[in-house]
DNA sequence: GATCAAACATACCGCCGGGTATGTCTGTCA
DNA sequence: TGACAGACATACCCGGCGGTATGTTTGATC
């Protein structure tokens, strides 16, 4: 997410991206036609194809934006000069908050990985998917790294295969993407309350306890 | 899951159901054509439409079977004459094992709820979806019930809104559906090892700790 | 105020896939 | 052995959607 100039051109682009995110999120990739997105904006196909060369590229743009968001949300925690456990908790908090606040993009982000299932047509798009998977791996690696350090410290615990523990940890954090539905009256306080409970659950599942 | 007679008719039906589950799981609902499922069986459309009136009905059958499986997997724990915490753990274990063993059906089951997004055409299918959601709610209610009892006992803890805790708990249990990929060499022991770690994580997140 | 390009809208093409109508084979039973 | 139904395969229809080709409007620039 490089700095976004606020000219008209970029406003239109952002508007399209958001509309696409909402459509893809609510109807899924296939069931969302270009006309669907256009109608959502009170426009026609011409507008969409003016900014994006294909439906797949539009989807990829939404997906990549979603990835930008989670990186941005967890950067402060990851780079913080704090004990490992606090860094991990800060990352978890940022991650969950992003899941709640940018729900549409996060849902698309999740579906984006399942896009493996579809027949990627062009070589460019295959490249785009590969890059996205690489970013995804890099993102998860941050969590794995901190967990490993926590294990070395003895402040965290994991089973014989720590990978499973990390996956379960992140599944808990990703939960809201599946069950949360944003409502008109939502406040930041409500988001924080949800995030706190999820983070508490997940961190407790991870912690080493004197048994 | 009523008792399944092993006549030829039913064998064909089960064969179709399994093939459909695999196709839907690997390619998604829209990207899976009737011809895809047929080819997967070395057959043609005629066979599929002989057993199912429409693509949607085929999908619903797979989805409902998935629901049958999770109920069957968790019934013993739910109805066991044991302390609440042990019953909950047994349910969790059964649930996770089902996620691993019947991976295809479980993935379809998960997508089935997102099918809200699609335009349900006929009234019959809308009814089918409503019934499925009702079953899903009933299933989750079992977990909510045991959590509530655990809270009353004091053996479990939850945040201000226990619903969030339950959702997070189940998100952890559902994790494998998203990240687990069955491999040819998989053994029951491997499944058990994964299940144990997930159950341990989730139960620890739920437990009341002397702080 | 003529030019031109950006920013769309409109009209249209081609294919794919759900569904149907019809044909074909095979076993069964009277 | 002929009638008939179950269990498919084959051929076909048609609506929708991705993509394109072609207008049309609007603002900036000279």
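Chains as they are written, first to last, in UniProt numbering: chain A, 1 to 211; chain B, 1 to 211.
Idealized CB from N, CA, C, for every residue including glycine.
Against chain A, the CB of residue 69 (chain B) has no partner CB under 7 Å away; the residue lies outside that interface.
Annotation: the continuous alpha helix (DSSP H) that includes residue 40 (chain B) extends over 34-40. A residue is called buried once 16 or more other Cβ atoms fall within 10 Å of its Cβ, and residue 129 (chain A) is buried on that count. If you draw a 10 Å sphere on the C-beta of residue 44 (chain B), you find fewer than 16 other C-beta atoms in it, and that means exposed. In the three-state reduction of the DSSP assignment, residue 207 (chain A) falls in the strand class. Spanning the alpha carbons of residue 140 (chain A) and residue 91 (chain A) requires a straight line of approximately 11 Å. Below 8 Å, enough C-beta pairs join the region 67-74 of chain B and the region 91-108 of chain B to call them touching: three or more.
Burial state of residue 20 (chain A) is buried, judged by a 10 Å Cβ sphere holding 16 or more other Cβ atoms. Taking a beta-carbon distance threshold of 7 Å, residue 143 (chain A) does not count as an interface residue toward chain B. Ranking A:203, A:195, A:179 and A:178 by CA distance to the CA of residue 165 (chain A) puts A:203 first.
Contact between the region 103-113 of chain B and the region 172-186 of chain B is established, with three or more Cβ pairs separated by less than 8 Å. When A:122, A:66 and A:28 are compared, the shortest CA-CA separation from residue 101 (chain A) is found for A:66.
The continuous stretches of alpha helix (DSSP H) do not include residue 43 (chain A), and DSSP gives it neither H nor E. Residues of the same chain with a CB within less than 8 Å of the CB of residue 172 (chain B), apart from the 5 flanking positions on each side, are 198, 201, 202 and 205 in chain order. DSSP places residue 150 (chain B) in the uninterrupted alpha helix (DSSP H) bounded by 123-153.
With a cutoff of 7 Å on beta-carbon distance, residue 146 (chain A) and residue 88 (chain A) are scored as near each other. For residue 63 (chain B), the enclosing alpha helix (DSSP H) begins and ends at 55-79. Distances from the CA of residue 174 (chain B) to each of B:81, B:153, B:70 and B:184 were compared; the closest alpha carbon is that of B:70. DSSP places residue 156 (chain A) in the strand class (E or B) of the three-state scheme. Neighbours of residue 60 (chain A) in chain B, taken as residues at a C-beta separation under 9 Å, are lacking, since the least C-beta distance is about 17 Å. Taking the CA atoms as reference points, residue 37 (chain B) sits about 13 Å from residue 56 (chain B).
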